[in-house]
Amino acid sequence: MDFITTLASTARTATPHDTVINSEDVYSFYNPYHDNGILVALDNFVGVTDEMARRSLMMGKKGDNASRRRRGLFVRIVKRRVMKNDAATTTTTATGDGDGGEVQLSKLAVGISGGYEDKFETVHRYTVVVMDVTNGIEAELPYDDTTKHTFPADVTNSIESIIHHPGLAVKQDLSAWELNDEIPVSKYAATLPFVDNGVSIPSNPSEWTCQKTGITSEHLWLNLSDGYIGGGRKHWDGSGGTN
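Under our numbering, read the sequence shown as residues 957 to 1199, first letter to last.
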């Protein structure tokens, strides 16, 4: 605890505007689900492996004093997916009436009523690590609801801000597909003009050809107003359409 108290002043509290890498090692695909998880530095919020944590201290920063370069504070994040106790009692199916312990699927979603049941839960484990350039890990203490109050306030605030930060994970709202959902009609459909020019469009898109080049590909677009079929834009690597 003496090492942690000495380094407590180096711990920063992450704000919503800070970049916090708490889901993987910045140098590889190593993540908290691997054996030893990852270490996130309390001063710059960068996630690394044990070895890269030592190397980052070796490199140091301009203006750092000798003790700062020699030791650093990290929080180790380890995650495990474990089977829920009641996971084997229910089976989710998209068909049937739900007899025999089965639940009928009515939503394309996970973990909510009517959707696929998530049979696993994620267990988190945190520890406070003092990493030394020469000796490696000099101290590692468990961090949980019972022990968090024994650490300096700067350390506790920093760790809480790291583990609860959304990090670089993509934030998006996932909408569930409902069996009884009404299919919305585009507001442009009512006024979409159609030209009766006698053009016949094959119902099978694989039979379409570009009216400009005559080629057949999967990168073709159909103009719903006049029936014109043409190629899309080229990608940066030359693949894609012909325009």
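Glycine included, every Cβ here is placed at the ideal spot set by N, Cα and C.
From the DSSP secondary-structure annotation, give me the bridge partner or partners of residue i.
i: F1076; result: M1039
i: L1176; result: G1187
i: G1028; result: M1087
i: A997; result: F1030
i: R1010; result: BP columns for R1010 are empty, so no partner.
i: V1004; result: L995
i: E1096; result: V1085
With a Cβ-Cβ cutoff of 9 Å, do residue i and residue j count as a contact?
i: R1081; j: I1033; result: yes
i: I1115; j: V1031; result: yes
Take residue i as the anchor and find which of the options has the nearest alpha-carbon.
i: G1186; options: D1193, L1176, L1180 and S1142; result: L1176
i: K1190; options: E1174, L1180 and Y1184; result: E1174
i: M1039; options: E1077, I1093, P1098 and Y983; result: E1077
i: R1036; options: V1079, M1008 and F1030; result: V1079
i: S1117; options: T1169, N978 and G1188; result: N978
i: F1150; options: T1165, Y1184 and T1102; result: Y1184
i: T1102; options: G1154, T1083, D1110 and G1123; result: T1083
i: F1107; options: F985, L1029, T975 and V976; result: L1029
i: T975; options: G1123, N1160 and N1179; result: G1123
i: D1152; options: D1182, G1170 and N1160; result: D1182
i: P1161; options: I1093, M957 and L1178; result: L1178
Leaving out five residues on either side along the sequence, give the residues of the same chain with a beta carbon under 7 Å from the beta carbon of residue i.
i: K1127; result: Confidence is the limiting factor: at K1127 the pLDDT is only 40, short of 50, which leaves the residue's position unreliable and the question unanswerable from this model.
i: H1120; result: none
In its own chain, which residues sit with a C-beta less than 8 Å from the C-beta of residue i, not counting the 5 before and 5 after it?
i: N1113; result: A967 and T969
i: N1021; result: For N1021, the predicted structure reports a pLDDT of 48, less than 50, and the residue's modelled location is therefore unreliable. The matter cannot be settled from this model.
i: D981; result: N987, I994, G1003, V1004, T1005 and M1008
i: V1089; result: R1010, L1013, M1014, R1025, R1026 and R1027
i: Q1167; result: Y1184, I1185 and G1186
Within the same chain, show all residues whose beta-carbon is closer than 6 Å to that of residue i, passing over the 5 residues directly before and after it, in chain order.
i: M1008; result: Y983
i: D1100; result: none
i: A1095; result: F959 and V1086
i: K1104; result: T1112
i: Y989; result: K1035
i: T1201; result: There is no way to answer for residue 1201, as the model of the chain reaches only from 957 to 1199.
Query raised in the report: With contact counted as at least three CB pairs below 8 Å, one residue from each stretch, are the stretch 1139-1153 and the stretch 997-1011 in contact?
Result: Too few Cβ pairs lie closer than 8 Å, so no.
Requested in this report: Assess, as a yes-or-no matter, whether the stretch 988-996 is touched by the stretch 957-972 under the definition of 3 or more beta carbon pairs within less than 8 Å.
Outcome: No, the stretch 957-972 is not in contact with the stretch 988-996.
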